[in-house]
Amino acid sequence: MAVRPTIARFPGDPREQEACGVPWGVTLTPFAAKDENGIPPVYGSGGELLPRCENCWAYYNTYCEQDQWSWDCSLCGTTNGLSSESIARYALPDSCPENMSSFIDLELPLEESDEMQARPVYVAAVDLTCKILFNSLYSLKTLLQLERNLQDFVLSLIRRVLELTKSALLAALEALGPGSLFGLATFSHKIGLYDVQGPIPVVKNVFIPPDSVGNLTMELEDVDTCKDRIASALETLKPTTSWERTTAAGQGVDGVLLGGRGFGVAMEALLKYLGSEYGNTYALARVFAFLSGPPDYGLGQLDTRRYGEQYASKGEDADRALLPEQTPFYKDLAAVAVQAGVCVDIFAVTNEYTDLASLKFLSIESGGSLFLYSNTDDSTLPQDMYRMLSRPYAFNCVLRVRTSTEFKLGHSYGHFFPDPEYENVQHIICCDSFATYAYDFDFANDVGFSRHSREHPTLQIAFQYTEVVPLDEPSVSGSSSSKRAKYSLRRRLRIRTLQFETARNINEIYDSVDPEVVLSILVHEVILSSLENGVREGRILLHEWLVNLTAQYNDAFKIAEYTRGSLTTSHFDVAFTQCPQLQPLPRLVFALLRNPLLRFHEEGVHPDYRIYLQCLFSALEPSSLTRAVYPLLASYDTPDKQAFPRHSLSRAALITSGSPIFFLDAFTTLIVFYSSTADAALPFPPPQDCLLRTTINKLKQERIITPKLIFIRGGQDDATVFENYLIEEQDVEGSGFTSVMGFVSFLDEVNRDVVEYLSKSNGDLRK
Ligand SMILES: [Zn+2]
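Numbering (UniProt numbering) for the sequence shown: 1 to 767.
Here it is in structure tokens:
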């Protein structure tokens, strides 16, 4: 469990919080194996015996004052009695994890029913829809003539998507441990259910009524005994052609051509089946939904015409219209999934507008991931699938964050499902060791923290989760030994209590800033703002934040001068020269404004790609997010010798460095770029055993998604993809490369806005 605050020293009171201009919050990665300093928790058992405060329900921890019969809560100060059991336990020093560390992970007893159903179940839902794309200007006659050719073309596209889906599922079968159950379903205008227990896979088809949901029963297969048969069932997957649909769905020609992807109904039926209604209670159920276009048939169909309409009307904020969901259907379906304990991962393999803005809820609220692959050629889908399933994960998680009484939680950000009843309790159906959440804080009242008392601002995170453990790893309680299951479940309670210092003045706040965590909170804020008010508003919010911070900092460091109440300074320290901790922020803000997350629709950012980035960025831990926003550019003399570990992202930096090889890590993409003047004797691409390759392989291993690797030879290959990352000479508003230097003129603009801001508000700031 890693916890990183935006500022290590908290503001003393609301006035100071307001005056510093830095967001006050933390990022939290609950299932990370270690804390932010690389220290693991102290493991133990008896989580149910841990004493809790009778006033605030916080757990007993190392920061609590304890005497023989009682303990004082480190969060609210209440004195609680100790039970005779606890007195006996705590009589021996260092006998209990909770007295040894403020970071503990304790086993909880399992319910009887949990032990019986220790098998995780995975269901793949594969899109077989063969949709004919057509332009409404074609007449029906032309269409019918074209259909043969179109159909061949579309079929070949769909086959490629299907091939990719099959490879991904074969990778999944490899990653899934023995003991898991696997089911295969397909959807188009009908739902297909596979039974692979016999020698030949049998598929049962259920036609989807356009306006209702039927009942499903499916056969779930044991992964270890049926792997080959599941694989051969995958081989039989083929697209559903429109000819078949004409007869089967009994529709007119127009209807057929408009498609038939009954995704909503298929998902609803699957969730219903996996839920308790059928008496199935699995340890964990996970659905992999493969989509090759927007749902356009039956319940949950999406109208994709809004994309075309917006594209045509330039001038207004197109994203404001395209970012919200067009129907609550998938949000409601997510609630059903959460209720049933089913996690849904969506893999969209398409370059067609699919309206992920409406679909995303199904995955992010159920703890699943949203993947978008806009082309089948260089798709990393099978690798992503394999890695996702080979990582350890926690499920059925409940997360609760508590604070000491002087402050409270403000916003909570991340992919969780809020408890309908209890405040600050969050449900996470499934999460891996990367999944990160963020919170910001507010003062509970005007008083703030007492500067003289011994009390420190305190934060306690309780994370209850279940994990699947292979049986060769002995369970602490040893309770599952009687049953010959290959897996057992463990319910655990992980608790972390943190104490912080308060800053004595504003300079101490600035010196304790963690710019990566500040960026995380900012990214959450701008995503929220763009969803509510459009991308333009999100950009304005971010720019104003930087102007405000710069103004506050210049005021705190007495750089702003006033004569008879009027501002006389015209040049400010926009580079934060007196505070190293703040120095990365202007570059990060500039880079975020140049990121497709916040670039305008008119610059060609596809709305589905923007949604994909929003979902990806809002779950990344701060260092990964920083890499994604401001890529790392390093240079090499040879593939085996690094020249400089870091350059600014500018063409000028490239030219002045004189190095022949550059390596750019943009988190989702890795680029090796050989300059056009590189010695022809240098091997291209870099050989497998060199330092550069080792670096690349290590990065690929450590990352939550498989980055795309690109090799470019300057002067021979098209270098656009690399050059686009050299943002510092680009205009922040996206009008291309300008004669004025991009980042430099951005700072000038910030300076101008600071002058304006301080001239307007100089009276207020100086109080
Ligand atoms: Zn308490």
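Even glycine gets a Cβ: it sits at the ideal position worked out from N, Cα and C.
Since we're looking at a predicted model, the values are computed, not measured.
Once DSSP output is grouped into helix, strand and coil, what is the label at residue i?
i: F500; result: coil
i: V476; result: Residue placement at V476 is poorly supported in this model, since its pLDDT is 49, which falls under 50; the coordinates still yield a value, given next. Of the three classes helix, strand and coil, the one that applies to V476 here is coil, per DSSP.
i: G658; result: coil
i: W545; result: helix
i: R492; result: strand
i: T626; result: helix
i: K483; result: Confidence at K483 is low in this model, with a pLDDT of 38, below 50, so the placement of that residue should be treated as unreliable; the coordinate-derived value is given next. DSSP places K483 in coil when its eight states are reduced to three.
i: R400; result: strand
i: Y562; result: strand
i: Q17; result: helix
i: D72; result: strand
i: Y273; result: helix
i: Q716; result: coil
i: A653; result: helix
i: P120; result: strand
i: N55; result: coil
i: L372; result: strand
i: A231; result: helix
i: R306; result: helix
i: N80; result: strand
i: F182; result: strand
Which residue wins for smallest C-alpha separation from residue i, given the options the options?
i: V161; options: E537, N351 and D689; result: N351
i: T466; options: L489, G448 and N445; result: L489
i: A266; options: A283, G300 and R286; result: G300
i: S180; options: L128, L284, G275 and T79; result: L284
i: T62; options: D94, K34 and G47; result: D94
i: M388; options: P622, F407, F288 and L333; result: F288
i: E455; options: L359, K408, S404 and F463; result: S404
i: L49; options: H601, A33, F31 and S83; result: S83
i: S650; options: K641, A634, Q642 and A643; result: A634
i: P643; options: T626, A652 and I661; result: In the sequence as displayed, the identity of residue 643 is Ala instead of Pro. When each option's Cα is compared against that of A643, the closest is I661.
i: E544; options: D753, D384 and A32; result: D753
i: C56; options: D689, F722 and N424; result: N424
i: E603; options: T29, F103 and Q730; result: Q730
i: L106; options: F463, L709 and P392; result: F463
When burial is assigned at 16 or more other CB atoms within 10 Å of the CB, is residue i buried or exposed?
i: P470; result: exposed
i: D514; result: buried
i: W69; result: exposed
i: A628; result: buried
i: H647; result: buried
i: R4; result: buried
i: S566; result: exposed
i: Q701; result: exposed
i: I87; result: exposed
i: I527; result: buried
i: P418; result: exposed
Quick test of your reading: residue i and residue j, contact by CB under 8 Å. State the CB separation rounded to the nearest angstrom.
i: S74; j: T497; result: 7 Å
i: R494; j: M1; result: 6 Å
i: G410; j: D442; result: 5 Å
i: R491; j: L110; result: 5 Å
i: residue 834; j: F290; result: With the chain running from 1 to 767 in the structure shown, residue 834 is simply not present.
i: L699; j: P639; result: Going by Cβ atoms, the distance from L699 to P639 rounds to 15 Å, so no, they are not a contact pair.
i: I611; j: K360; result: 6 Å
i: T27; j: S520; result: 5 Å
Note the first and the last residue of the continuous alpha helix (DSSP H) segment covering residue i.
i: residue 774; result: There is no way to answer for residue 774, as the model of the chain reaches only from 1 to 767.
i: A335; result: F329 to A340
i: S188; result: Per DSSP, S188 belongs to no alpha helix (DSSP H) and is neither H nor E.
i: Q614; result: P607 to F617
i: T694; result: L691 to E702
Need the endpoints of the beta strand (DSSP E) that residue i sits in, please.
i: Y439; result: Y437 to F443
i: A634; result: L632 to T638
i: T29; result: G25 to T29
i: V589; result: Segment P584 to L593 is the alpha helix (DSSP H) holding V589; no beta strand (DSSP E) there.
i: C430; result: V425 to D432
i: K408; result: F407 to Y413
i: E467; result: T458 to P470
i: K641; result: K641 to H647
i: Y90; result: Note, Y90: premise wrong, no beta strand (DSSP E); alpha helix (DSSP H) at S84 to A91.
i: R286; result: L284 to L291
i: E107; result: F103 to L108
Using a beta-carbon distance below 7 Å, is residue i in contact with chain D?
i: L170; result: Although the question refers to chain D, the structure presented lacks it and comprises just one protein chain.
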